[in-house]
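Asker: Sequence positions in the sequence shown follow our numbering and run 176 to 415.
Here a beta-carbon is modelled for each residue, glycine too, at the ideal position from N, C-alpha and C.
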Amino acid sequence: MPKLSSRVLASSGYSLDVESFGANAFNVWEDRTAKRQDAAWQPIIQQAKQGRLREDVASLFQALDNLPEGELRVLESGCGGGYNAELLAMWNPRIDYLGVDISPAMVGLARQHYPHREFRIGSAYDLPVEDGSQDLVIDGVALLHMTDWPLAIAEYGRVSKQKVILHGLTITDDAPTTRFAKYAYGQPSLELVFNRQQLLMEAARAGLELIETHPGLDYDLAPYLGIPSVSEAWVLAKSS
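See below:
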């Protein structure tokens, strides 16, 4: 099977035949997979500290550029090993951060790396905070793994009172929103490539308006799935 470069974090075995992976293939990331991702991300974080930003890190910083300074309440959905907590602190050391992830293994790593930050095991479909309680909600490259992604977007709209950043979206203008499967760090993973107009429509239903887009990694699925795509970070604002 074709394999993308290591710049796209060791993904391989792309297939539109999702069912061939088996009914129970797409489990929450386990310890081994979490540790593999952690090993891949630690050098990226160190490079960012030295001012050398990989494209997806740069796109996150660009998405943060026009947000207000000062104390902000920030919730990250799909926080993984907590890497964005450190990147966000580089941008604004005064943030009040909460990371949420469905994988106990990932949350365990996050707590280990960043014991001064708060992390909870939880679902993007039922975020553990009140309506309008967060200045900013960040989806940490998690939405593209969610089968009920419109529900997650609705939750982001519910809990945010200002902005939502959807980071690391895979977008196409040439196909409907499409499920596919691959191996990520050796574990089967379900992923989505979003049709731009469908994603905009669901954002609008959640009371969110697109105000900025920023390019991320070079992530064209055309050679692997026949679907041309790009990676983007979207900044959305609560509709007035």
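Could you compute how far the alpha carbon of Leu273 sits from the alpha carbon of Leu191?
Answerer: Position 98 of the sequence shown, counted from the start, is the residue given in the question as residue 273. Position 16 of the sequence shown, counted from the start, is the residue given in the question as residue 191. If I take the Cα positions, the gap works out to 35 angstroms.
Asker: Would you tell me roughly how many angstroms separate the C-alpha atoms of Leu365 and Ile346, rounded to the nearest one?
Answerer: The residue you call residue 365 lines up with position 190 of the sequence shown. The residue you call residue 346 lines up with position 171 of the sequence shown. Looking at the two C-alpha atoms, the distance is approximately 16 angstroms.
Asker: Would Ile328 and Ala381 qualify as a contact pair, given that the criterion is a beta-carbon distance under 8 angstroms?
Answerer: One-based indexing of the sequence shown puts residue 328 at position 153. One-based indexing of the sequence shown puts residue 381 at position 206. Taking 8 angstroms as the Cβ cut-off, Ile328 and Ala381 qualify as a contacting pair.
Asker: By a C-beta neighbour count over all protein chains shown, 10 Å radius and 16 as the cutoff for buried, is Asn259 buried or exposed?
Answerer: Within the sequence shown, residue 259 is the residue found at index 84, counting from 1. By the neighbour-count rule (16 or more Cβ atoms within 10 Å), Asn259 is buried.
Asker: Taking 8 angstroms as the cut-off, decide whether the C-beta atoms of Trp266 and Gln362 are in contact.
Answerer: Sequence index remark: in the sequence shown, residue 266 carries index 91 (1-based). Sequence index remark: in the sequence shown, residue 362 carries index 187 (1-based). Their beta carbons are not under 8 angstroms apart, which means Trp266 does not touch Gln362 by this criterion.
Asker: Any idea which residues DSSP pairs Phe294 with across the strands?
Answerer: Looking up residue 294 in the sequence shown gives position 119. Paired residue(s): Gly274.
Asker: Alpha carbon to alpha carbon, what distance is there between Ala198 and Gln225?
Answerer: Within the sequence shown, numbered from 1, the residue matching residue 225 stands at position 50. Within the sequence shown, numbered from 1, the residue matching residue 198 stands at position 23. Each residue's Cα considered, the two are about 43 angstroms apart.
Asker: Given this structure, state the Cα-to-Cα distance separating Thr352 from Ser186, to the nearest angstrom.
Answerer: Position 177 of the sequence shown, counted from the start, is the residue given in the question as residue 352. Position 11 of the sequence shown, counted from the start, is the residue given in the question as residue 186. Taking the straight line joining both Cα atoms gives about 20 angstroms.
Asker: So, does the region 226-246 touch the region 376-391, judging by three or more C-beta pairs under 8 angstroms?
Answerer: The region 226-246, when compared against the region 376-391, does touch it at the 8 angstroms Cβ threshold.
Asker: Skipping 5 residues on each side, what residues in its chain have a beta carbon closer than 7 angstroms to that of Glu246?
Answerer: For this step, residue 246 is matched to residue 71 along the sequence shown. Once the five neighbours on either side are set aside, the close Cβ partners of Glu246 are Arg269 and Asp271.
Asker: Our contact map puts Gly307 next to Lys336 with C-beta atoms below 8 angstroms; I'd like the distance itself, whole angstroms only.
Answerer: Here the question's residue 307 lines up with position 132 in the sequence shown. Here the question's residue 336 lines up with position 161 in the sequence shown. Contact holds; Cβ gap of about 4 angstroms.
Asker: Let's see if you can read the secondary structure: which residues bound the alpha helix (DSSP H) around Phe201?
Answerer: Against the sequence shown, residue 201 aligns to sequence position 26. No alpha helix (DSSP H) contains Phe201, which DSSP labels as neither H nor E.
Asker: Using the rule of at least 16 other Cβ atoms within 10 Å of the residue's Cβ for burial, across every protein chain shown, is Asp213 buried or exposed?
Answerer: Locating residue 213 in the sequence shown gives position 38, where the first residue counts as 1. So Asp213 counts as buried.
Asker: Among the residues of its own chain, which have a CB less than 7 angstroms from the CB of Ala378, if the five just before and after it don't count?
Answerer: To locate residue 378, count along the sequence shown from 1; it is residue 203. Taken in chain order, the residues that qualify are Ile328, Leu385 and Leu411.
Asker: The beta strand (DSSP E) that contains Asp310, what's its start and end?
Answerer: If you number the sequence shown from 1, residue 310 lands on position 135. From DSSP, the beta strand (DSSP E) with Asp310 extends over Gln309 to Gly315.
Asker: Tell me the DSSP secondary structure of Arg380 in three-state form.
Answerer: Here residue 380 refers to the residue found at position 205 when the sequence shown is read from its first residue. Of the three classes helix, strand and coil, the one that applies to Arg380 here is helix, per DSSP.
Asker: With a CB to CB cut of under 7 angstroms and the five nearest residues on each side skipped, what residues in its chain are close to Asn370?
Answerer: Translated into positions along the sequence shown, residue 370 becomes position 195. Answer for Asn370: Thr347, Ala350, Pro351 and Thr352, listed in chain order.
Asker: Among all the DSSP beta bridges, which residues are the ones paired with Lys338?
Answerer: One-based indexing of the sequence shown puts residue 338 at position 163. In the DSSP output, where bridge partners are listed per residue, Lys338 has Leu311 and Ala412.
Asker: Roughly how many angstroms separate the alpha carbons of Ala397 and Tyr358, rounded to a whole number?
Answerer: Taking the first residue of the sequence shown as position 1, residue 397 is located at position 222. Taking the first residue of the sequence shown as position 1, residue 358 is located at position 183. For Ala397 and Tyr358, the distance between alpha carbons rounds to 17 angstroms.
Asker: Could you give the first and the last residue of the continuous alpha helix (DSSP H) run that contains Thr208?
Answerer: The sequence position of residue 208 within the sequence shown is 33, counting from 1. That run of the alpha helix (DSSP H) goes Asp206 to Lys224.
Asker: Considering only the beta carbon of each residue, do Glu261 and Tyr289 sit closer than 8 angstroms?
Answerer: Residue 261 sits at position 86 when you count from the first residue of the sequence shown. Residue 289 sits at position 114 when you count from the first residue of the sequence shown. Against a cut-off of 8 angstroms, the Cβ pair of Tyr289 and Glu261 comes out as a contact.
Asker: Go ahead and pull the three-state DSSP assignment for Gly253.
Answerer: Taking the first residue of the sequence shown as position 1, residue 253 is located at position 78. Coil at Gly253, not helix or strand.
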